[in-house]
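Numbering (the UniProt record's numbering), first residue to last: 1 to 166.
We put the CB at the ideal spot given by N, CA and C, even for glycine.
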Amino acid sequence: MNRIKVINEPSELVPMLRSVDTPIKRDVLKEVTLEWRTADDIEKKFGPAGRDALVFFEKMKLVETRWLSVNGGYPEKSYHTYYTSFNINAQWPVYEISDVLTAAMMNDEEYAEIETKILAEVGKSGRFSGDVAEVLGLSSTMLKSLVRRSVKMDYRGHRIEPIREE
Numbered sequence: 001m002n003r004i005k006v007i008n009e010p011s012e013l014v015p016m017l018r019s020v021d022t023p024i025k026r027d028v029l030k031e032v033t034l035e036w037r038t039a040d041d042i043e044k045k046f047g048p049a050g051r052d053a054l055v056f057f058e059k060m061k062l063v064e065t066r067w068l069s070v071n072g073g074y075p076e077k078s079y080h081t082y083y084t085s086f087n088i089n090a091q092w093p094v095y096e097i098s099d100v101l102t103a104a105m106m107n108d109e110e111y112a113e114i115e116t117k118i119l120a121e122v123g124k125s126g127r128f129s130g131d132v133a134e135v136l137g138l139s140s141t142m143l144k145s146l147v148r149r150s151v152k153m154d155y156r157g158h159r160i161e162p163i164r165e166e
């Protein structure tokens with residue numbers, strides 16, 4: 001089945017740009033594009049960073065999952081890319097796209113620092129995104145972009161909530 005991801009909002013570019021920002025992420029994405037792979041298969045081939053890439057892709061909704069019986073044993077969660085192509089509507093104001101690109105290309109140390117600040121504002125139960133943006137002095141586009149980059153939090157409507165470990 002062909003599924004097309006339509007990107008209409010600038011902050012939706014962040015997961016796309018971050019999904020290929022390292023050679024391992026790029027290679028893991030190619031691997032799960034070809035066929036269904038378990039996390040163990042990916043870890044054997046790419047190491048722990050490969051498994052981390054799958055977690056990232058799952059949070060970014062770039063992969064779908066299903067249970068796959070491996071060698072007659074217990075079923076294991078397997079991964080495959082969800083979309084076969086992307087359609088990007090790229091007409092946004094410069095100030096918005098500059099926030100998106102800044103968030104996507106920010107180095108890991110700088111990002112970790114701001115992610116920690118956002119998580120502190122969000123707390124355990126979540127918080128309205130407008131309040132978080134105001135407290136941290138960020139534009140709504142910048143905040144959305146930063147949250148979309150994170151594997152620790154996500155948007156639920158207009159609220160930012162921490163992702164609960166399964």
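Closest by C-alpha distance to A39, when choosing among K77, V100, W92: Its Cα nearest to that of A39, the residue K77 stands out among K77, V100, W92.
Three-way DSSP call (helix, strand, coil) for E64 in this model: Note: E64 maps to strand in three-state DSSP.
Best match in S125, L138, I97 for proximity to N8 [C-alpha to C-alpha]: Cα-wise, what sits closest to N8 is I97.
One or two residues paired with F128 in a DSSP bridge: Answer by DSSP bridge pairing, in chain order: R159.
Environment of M105 [buried if 16+ CB atoms lie within 10 Å]: With fewer than 16 Cβ atoms within 10 Å of its Cβ, M105 is classed as exposed.
Sequence-distant residues of the same chain with beta carbon closer than 6 Å to A133, five excluded per side: The beta carbon of A133 sits closer than 6 Å to the beta carbons of S140, L143 from its chain, once the five residues preceding and following it are set aside; these are given in chain order.
N-terminal and C-terminal residue of the alpha helix (DSSP H) that S140 is part of: Here the alpha helix (DSSP H) through S140 covers 140-149.
Assumed close pair S145, S11 - CB separation to whole angstroms, cut-off 8 Å: A Cβ-Cβ separation of about 4 Å places S145 in contact with S11 under the 8 Å criterion.
Which residues DSSP lists as bridging F46, in chain order: Paired residues: none, contrary to the question.
Contiguous beta strand (DSSP E) assignments of at least 3 residues, all confined to the stretch 58-123: Entirely contained in the stretch 58-123, the beta strand (DSSP E) runs reaching 3 residues are, in chain order, 63-69, 75-81, 85-88.
V5 - containing beta strand (DSSP E), residue span: In the sequence under discussion, the amino acid at residue 5 is Lys, which differs from the Val named in the question. Boundaries of the beta strand (DSSP E) around K5: 4-7.
Whole-angstrom distance between G73 and L101, CA atom to CA atom: One C-alpha to the other measures close to 44 Å.
Nearest-angstrom beta carbon gap, T65 and T33 [assumed within contact, 8 Å]: In this structure T33 is not in contact with T65, their Cβ atoms being roughly 15 Å apart against a cut-off of 8 Å.
Beta-carbon spacing of S19, L62 below 8 Å: Cβ atoms of S19 and L62: closer than 8 Å.
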